[in-house]
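Residue numbers (UniProt numbering), protein chains in the order written: chain P, 1 to 312; chain W, 1 to 267.
C-beta atoms are modelled at their ideal positions from N, C-alpha and C, and glycine is treated no differently.
Step one of this worksheet: look at the structure below.
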């Protein structure tokens, strides 16, 4: 247990510790169960592999998929499901299967297959974190993998057409979101007051969908209407991931707050002063309005003018 | 199907009552049908029995190609053809029969989640065992799948199907799993189902729902099909409440109605 656990995964953005669903699931689970995890973010140097991310390395083990990583952490006594009953454990498996079957195809589509989203957001983001020349190949491969997965699991043979499948997968995803929202209700986490594996999985799938800014956002719009799911994501982000975000430590933030306070006070004082000055001006005795200097016409012209005005 | 087509179909479905001559098509029972297809077919039969809707089972060698989505079983009702349990449940609901109306929202969510669990784990494990495990493929699957066709068509079709299934397994990440890992997953799934069932007669207490039909279809087929090794059925037999559940449904919905269409009895 004293062995250092290192997780290599894709980095964060838009307020999230990671943009990749599976990495986020593992990170959330580690926070919930209190596992000390050192996170190595993949960057565009040649260090580390980016094959089967997320990858957990300990002294003598390399574990690769989220389900296996979670199992490994549980065996190391970092268990977030300690207080769940048997039925709740069964429910966890069932809901995870629901997420993978119904929500994952639409999330993959939004990130990797929808061309506007892929070319403006996903591809540049991932390409900036992969060293050249792999950055030309890997995002394309990931996109193709996502498309294949959607078509093979949802497409209807023998003609695998994406258009027919698109409407169906988005409808399934919206239904899945509604079901999750119904299940969560008003409680803070899915099983009472402490977060568990299911919360990690739901957070991992929903948070990127919620936070990443896409041009084509129909699923995101639907998610934003389900306020309890949005509140769920925000709660977890604020409680478990705040310290590692933004790079401002709490002490630093307090100093910033104090400065801000002083500035606001100064501005307030100034505006008070300005108001007082304005009042003073209005109440002071009014001088008669100054006459503006008029043009001095010659006497002859004045007379002729007045004479001209009188005649019709 | 697109959204418009689906709405159109359910409008038509709602217009007529269930006819007497509804038929369900599956592959040839004795020689051709495989484990996963048998499970799916049995699930649909159980569901229709639970809804009290008469159905006649017809076996055709080319059932897979007749089906609109390429999957068996499919039902032919009136002048409509619907395949797979999900769309069939919706079709039956449009005709006014439903098993899950009495459930509240949270229970419906649970039911859908458990159905996905069965599809995700049990069905995928069955497919893996049939098409990716070399021993089973060689001895059972190839021979059965191509049996109605003459040489060389039987080999070609079997290899083509195997290639398709292996591609799908790779896409969802099961390509690198060993047989032991797959059996462990089956065990986890059965454990979850067993814990959810507990001591109740059906998954949502007194009334059976489509989840019960689906679970029955898969478990019964696993328990009664002869494979090269018995490990899969052993995993299921570990859970006595699941065995009792299968026995109960078999007795109530198949024997009592005089259907007798289940050729193999549970011991």
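Determine, using beta carbons only, whether residue 103 (chain W) comes closer than 9 Å to chain P. What you label residue 103 (chain W) is simply residue 103 of the second chain in a count that begins at 1. At a cut-off of 9 Å between C-beta atoms, residue 103 (chain W) does not count as an interface residue with respect to chain P.
Can you list, in chain order, the residues of its chain whose CB lies under 8 Å from that of residue 179 (chain P), leaving out five sequence neighbours each side? Position 179 of the first chain holds residue 179 (chain P). Contacts found: 98.
Contact list for the stretch 94 to 112 of chain P against chain W, Cβ threshold 9 Å: The residues in question are 94, 95, 96, 97, 98, 99, 100, 101, 102.
Is it buried or exposed, residue 186 (chain W), if we count other Cβ atoms within 10 angstroms and call 16 or more buried? For this step, residue 186 (chain W) is matched to residue 186 along the second chain. Using a 10 angstroms sphere on the CB of residue 186 (chain W), the tally of other CB atoms reaches 16 or more, which defines it as buried.
Looking only at its chain, what residues have a beta carbon closer than 7 Å to the beta carbon of residue 148 (chain W), apart from the 5 residues adjacent to it on each side? The count along the second chain starts at 1 and reaches residue 148 (chain W) at position 148. In its chain, beyond the 5 residues on either side, 28, 32, 61 have a beta carbon closer than 7 Å to the beta carbon of residue 148 (chain W).
So for residue 155 (chain W), helix, strand or coil by DSSP? Along the second chain, read from residue 1 onward, the residue named residue 155 (chain W) stands at position 155. Under the three-state reduction of DSSP, residue 155 (chain W) is assigned to helix.
Rounded to a whole number of angstroms, what is the C-alpha to C-alpha distance between residue 110 (chain W) and residue 101 (chain W)? Taking the second chain and counting its residues from 1, one reaches residue 110 (chain W) at position 110. Taking the second chain and counting its residues from 1, one reaches residue 101 (chain W) at position 101. Cα to Cα, residue 110 (chain W) sits roughly 14 Å from residue 101 (chain W).
In chain order, what residues of the stretch 64 to 89 of chain P put their CB closer than 8 Å to some CB of chain W? Cβ contacts with chain W: 65, 86, 87, 89.
I'd like to know whether the C-beta of residue 139 (chain W) is nearer than 9 Å to at least one C-beta of chain P. Within the second chain, the letter at position 139 stands for residue 139 (chain W). By this cut-off, residue 139 (chain W) is not an interface position.
Counting only beta-carbon atoms, is residue 210 (chain W) nearer than 9 Å to chain P? The count along the second chain starts at 1 and reaches residue 210 (chain W) at position 210. No, residue 210 (chain W) does not count as interfacial toward chain P.
Below 7 Å on C-beta distance, what does residue 141 (chain P) contact in chain W? By 1-based counting over the first chain, the position of residue 141 (chain P) is 141. Those do not exist, as residue 141 (chain P) stays about 13 Å from chain W at its closest Cβ, beyond 7 Å.
Can you tell me the Cα-Cα spacing of residue 94 (chain P) and residue 229 (chain W), whole angstroms? For the purposes of this step, residue 94 (chain P) is identified with residue 94 of the first chain, where counting begins at 1. For the purposes of this step, residue 229 (chain W) is identified with residue 229 of the second chain, where counting begins at 1. Looking at the two C-alpha atoms, the distance is approximately 28 Å.
List the residues of chain W whose Cβ lies closer than 7 Å to the Cβ of residue 182 (chain P), in chain order. Along the first chain, one-based indexing puts residue 182 (chain P) at 182. Going along chain W in sequence order, the residues near residue 182 (chain P) (Cβ under 7 Å) are 105, 106, 109.
Just the Cα atoms here: how many angstroms apart are residue 116 (chain W) and residue 265 (chain P)? Counting from one through the second chain, the residue named residue 116 (chain W) turns up at place 116. Counting from one through the first chain, the residue named residue 265 (chain P) turns up at place 265. So the alpha carbons of these two residues sit roughly 59 Å apart.
Could you tell me if the beta carbon of residue 42 (chain P) falls within a distance shorter than 8 Å of some heavy atom in the ligand ADP? With respect to the ligand ADP, the structure offers nothing, as it holds no ligand at all.
Using only the alpha-carbon positions, how far apart do residue 181 (chain P) and residue 68 (chain W) sit? Within the first chain, numbered from 1, the residue matching residue 181 (chain P) stands at position 181. Within the second chain, numbered from 1, the residue matching residue 68 (chain W) stands at position 68. Using only the alpha carbons, I get a separation of about 34 Å.
Within-9 Å CB hit, residue 153 (chain P) to chain W: Numbered from its first residue, the first chain carries residue 153 (chain P) at position 153. Using a Cβ-Cβ cut-off of 9 Å, residue 153 (chain P) counts as an interface residue toward chain W, since at least one Cβ of chain W sits closer than that to its own.
Does any residue of chain W bring its CB to less than 9 Å from the CB of residue 158 (chain P)? Position 158 of the first chain, counted from the first residue, corresponds to residue 158 (chain P). For residue 158 (chain P), the predicted structure reports a pLDDT of 48, less than 50, and the residue's modelled location is therefore unreliable. The matter cannot be settled from this model.
Going along the chain, which unbroken runs of the beta strand (DSSP E) with 3 or more residues stay wholly within the UniProt domain "Metaxin glutathione S-transferase" (173 to 236) of chain P? Runs of the beta strand (DSSP E) inside the UniProt domain "Metaxin glutathione S-transferase" (173 to 236) of chain P: none found.
Under the three-state DSSP convention, the category residue 92 (chain W) falls into: The residue labelled residue 92 (chain W) in the question sits at position 92 within the second chain. Helix.
Could you pull out every residue in the same chain whose Cβ sits closer than 6 Å to the Cβ of residue 64 (chain W), ignoring the five residues on either side in sequence? As a position in the second chain, residue 64 (chain W) is number 64, starting the count at 1. Same-chain partners within the cutoff: 72.
Looking at the C-beta of residue 250 (chain P), does it have a partner C-beta in chain W at a distance below 9 Å? As a first step, residue 250 (chain P) is located in the first chain; it is residue number 250 there, counting from the start. With a pLDDT of 43 at residue 250 (chain P), under the threshold of 50, the modelled position of that residue is not reliable, and the figure given next carries that caveat. Under the Cβ criterion of 9 Å, residue 250 (chain P) is not counted among the residues facing chain W.
Please list the segments of the alpha helix (DSSP H) lying wholly inside the stretch 104 to 174 of chain P, counting only runs of 4 or more residues, in order along the chain. Complete alpha helix (DSSP H) runs here, min 4: 104 to 108, 123 to 127, 134 to 154.
Let me see if you follow: with CB-CB separation under 9 Å, is residue 149 (chain P) close to chain W or not? Your numbering for residue 149 (chain P) matches position 149 in the first chain. Judged by the 9 Å Cβ criterion, residue 149 (chain P) is in contact with chain W.
Would you mind working out which of W:242, W:206, W:227, W:249 sits nearest residue 34 (chain W), comparing C-alpha positions? Translated into positions along the second chain, residue 34 (chain W) becomes position 34. Looking at the Cα atoms, W:227 is the closest of the given residues.
Below 9 Å between beta carbons: does that hold for residue 239 (chain W) and residue 46 (chain W)? Residue mapping note: residue 239 (chain W) aligns to position 239 of the second chain, counting from 1. Residue mapping note: residue 46 (chain W) aligns to position 46 of the second chain, counting from 1. In this structure, residue 46 (chain W) does not lie closer than 9 Å to residue 239 (chain W) by Cβ.
Cβ shell of residue 313 (chain P) (< 8 Å), same chain only, five flanking positions each side left out: Outside the shown range of chain P (1 to 312) lies residue 313 (chain P), about which nothing can therefore be said.
Give a yes or no on whether the C-beta atoms belonging to residue 128 (chain W) and residue 182 (chain W) are separated by under 9 Å. As a position in the second chain, residue 128 (chain W) is number 128, starting the count at 1. As a position in the second chain, residue 182 (chain W) is number 182, starting the count at 1. Cβ atoms of residue 128 (chain W) and residue 182 (chain W): closer than 9 Å.
Please state the DSSP three-state secondary structure of residue 224 (chain W). Counting from one through the second chain, the residue named residue 224 (chain W) turns up at place 224. The three-state secondary structure of residue 224 (chain W), taken from DSSP, is helix.
Which same chain residues end up closer than 7 Å to residue 37 (chain W) when comparing Cβ atoms and leaving out the 5 residues on each side of it in sequence? Working through the second chain from its first residue, we reach residue 37 (chain W) at position 37. Cβ neighbours of residue 37 (chain W) beyond the five flanking positions: 26, 27, 72.
Do the stretch 181 to 201 of chain P and the stretch 62 to 81 of chain P make contact, defined as three or more Cβ pairs closer than 8 Å? The stretch 181 to 201 of chain P makes contact with the stretch 62 to 81 of chain P, as at least three CB pairs between them are under 8 Å.
Of the residues that make up the stretch 4 to 35 of chain W, which ones have a beta carbon closer than 7 Å to any beta carbon in chain P? Those would be none; no residue qualifies.
Helix, strand or coil for residue 7 (chain P), going by three-state DSSP, please let me know. Walking along the first chain from the start, residue 7 (chain P) turns up at place 7. Correct three-state label for residue 7 (chain P): strand.
Are the stretch 118 to 138 of chain W and the stretch 91 to 101 of chain W touching by the rule of at least three beta carbon pairs closer than 8 Å? Judged by Cβ distances under 8 Å, the stretch 118 to 138 of chain W makes no contact with the stretch 91 to 101 of chain W, as fewer than three pairs qualify.
Quick one: which residues of the stretch 168 to 188 of chain W get their C-beta closer than 8 Å to a C-beta of chain P? List them in chain order. Against chain P - using a Cβ distance shorter than 8 Å - the residues of the stretch 168 to 188 of chain W are 168, 171, 172, 173, 188.
For the stretch 133 to 148 of chain P and the stretch 104 to 119 of chain P, state whether three or more C-beta atom pairs, one from each stretch, are separated by less than 8 Å. Put simply, the stretch 133 to 148 of chain P touches the stretch 104 to 119 of chain P. At least three CB pairs are less than 8 Å apart.
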